[in-house]
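J.:
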Amino acid sequence: PWGSNRTPARLAAFPSREAVDVVGGVVLGCDCDRCEGRDCACWGGGGGGGEGEEEEGVASECGPGCGCGPECGNRTSQRGVEVRLKIMRDEKKGWCLFADQAIEKGRFVCEYAGEFLTTKEARVRQKEYDELALSQGFSSALLVVREHLPSGKACLRINIDATKVGNVGRFINHSCDGGNLSTVLVRSTGALLPRLCFFASKDIREGEELSFSYGEIRLRSNGLQCYCGASNCFGILPSELT
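Quick note: the sequence shown, position 159, residue 159 per UniProt numbering, numbers continuous.
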């Protein structure tokens, strides 16, 4: 719940390197001690042989299918938030997330945590949220992420709703110029679904608001008004209805 400082207990041990994937097969992870280099099988494209290049916006980490533990060097996003952040309220935007320290380019900032929904449920909730936004100024945090094949066809749609259950990631606002964060789907060997994580796309100053692009804005959008303040601001926020 919001305001709670409870942190889920982290796994202290990984008893098995075998995990089941989405089609019921067994995924074997690495058997490294610390995974400090690309000799680890989980580095590279897909956690297999470690020789492929990563797709843009996709990263591989060790996971429940691996023999290494929490001290592993290839579990960056699994160690939680390690930079100082602060939540502040803006008269127009509402809640915003700011850097409370300088953050260097490429550093992990936080995960976008929330409820994983089916596409059917996500569409039902989004319709309700949009109606509440227009009538009551309600602010929701349902994010739809699509992972694309090189051909351009979508191969996976992930619906994450942080409106009621989530973390600080739900306070990151949109910026039409792309903001200062990049979104990366992090796949952990043996995990059923990837996680959406934010990394600094440029050096971020202390006190600077954190932002990213919510997605493409199409013409004749009926999205909500955008207050990002970017020089190329489109004036409306992206949404599933755009």
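In this text, a Cβ means the ideal position worked out from N, Cα and C, and glycines have one as well. Nothing here was measured: the structure is a model prediction, and the numbers come from that model.
#1: Return the CA-CA distance between S213 and A230, expressed in angstroms with no decimal places.
#2: If N159 sits next to A122, beta carbons under 8 Å apart, how far is it from one beta carbon to the other, in whole angstroms?
#3: Residues bridged to E61 by DSSP?
#4: Could you have a look at K105 and say whether DSSP puts it in helix, strand or coil?
#5: DSSP state of F171, grouped into three classes?
#6: What is the rounded straight-line gap between the Cα of P70 and the Cα of C176?
#7: Who are the Cβ neighbours of R205 in its own chain at under 8 Å, not counting the five residues just before and after it?
#8: Taking D161 as the reference, give the member of E216, E111, R89 and R187 with the closest Cα.
#9: Check this for me: beta carbons of D39 and G67, under 7 Å apart or not?
#10: When burial is assigned at 16 or more other CB atoms within 10 Å of the CB, is G80 buried or exposed?
#11: Please report the distance separating the alpha-carbon of G114 from that of N173.
#12: Whole angstroms are fine: how far does the CA of D203 sit from the CA of G47?
T.: The short version:
#1: Straight-line Cα distance between these residues: approximately 11 Å.
#2: 4 Å
#3: S188
#4: The answer is coil: DSSP assigns K105 none of H, G, I, E or B.
#5: helix
#6: 37 Å
#7: A99 and A102
#8: E111
#9: no
#10: exposed
#11: 16 Å
#12: Interpretation of G47 is limited by its pLDDT of 32, a score under 50 that renders its predicted location unreliable; the figure taken from the coordinates is listed afterwards. Computed Cα separation, rounded: 29 Å.
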